[in-house]
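According to the numbering used here, the sequence shown is numbered sequentially starting from 38. Inspection log for the structure reproduced underneath, given as structure tokens.
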Amino acid sequence: MYTEIVMDHFKNPRNVGSIENADGVGQVGNAKCGDIMKIYLKINDDIIEDAKFETFGCGSAIASSSMATELIIGKSINEAVEFSNKAVVEALGGLPPVKVHCSVLAEQAIKSALYDYAQKTNKVIKGLENYT
Ligand code: FES
Ligand code: FES
38 MYTEIVMDHF KNPRNVGSIE NADGVGQVGN AKCGDIMKIY LKINDDIIED AKFETFGCGS
98 AIASSSMATE LIIGKSINEA VEFSNKAVVE ALGGLPPVKV HCSVLAEQAI KSALYDYAQK
158 TNKVIKGLEN YT
């Protein structure tokens with residue numbers, strides 16, 4: 038049911054934890070399953086230097102957070118805002134259909150953290166103009 042990559046990121050999640058004085062923090066929850074995901078970003082010159090996560094949720098949510106943080110570290114904020122849950126699912130080698138929403142949480146948490154950064158720095162990030 039779960040790929041080896043999913044199991045690996047679930048058992049040995051990368052980038053777990055928080056970042057002190059993070060430049061952007063985003064938290065989202067899924068109303069249906071009650072799972073919560075929080076993403077912290079360290080951003081320098083509009084480049085994501087570090088990303089960490091705290092996820093209170095299922096294994097797929099943890100694997101998705103782990104993979105998502107790996108994928109966005111080193112990216113620019115403009116690249117990261119284009120980031121979609123499909124990239125997470127692909128990098129994980131697939132997720133069962135009922136678990137795809139777990140990867141959507143990762144996309145949403147990253148967008149929310151980028152929006153927080155934009156608010157704090159008075160920047161406009163293309164694609165997040167109408168984000169609330
Ligand atoms: Fe129980 Fe997500 S619904 S862990
Ligand atoms: Fe809801 Fe995984 S079951 S995030």
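Glycine included, C-beta positions come from ideal geometry on N, C-alpha and C.
{"Item": "To the nearest angstrom, how far is the alpha carbon of Phe93 from that of Ile162?", "Value": "28 Å"}
{"Item": "Kindly give me the distance between the Cβ atoms of Met74 and Ala146, rounded to whole angstroms, as I take these residues to be in contact under 8 Å.", "Value": "5 Å"}
{"Item": "Could you check the C-alpha separation between Val141 and Gly96 for me, to the nearest Å?", "Value": "14 Å"}
{"Item": "Per the DSSP calculation, Gln64 is bridged to which residue(s)?", "Value": "Lys75"}
{"Item": "Touching or not, the region 59-69 and the region 78-85, by the rule of three or more beta carbon pairs under 8 Å?", "Value": "yes"}
{"Item": "Put Phe120 into one of helix, strand or coil per three-state DSSP.", "Value": "coil"}
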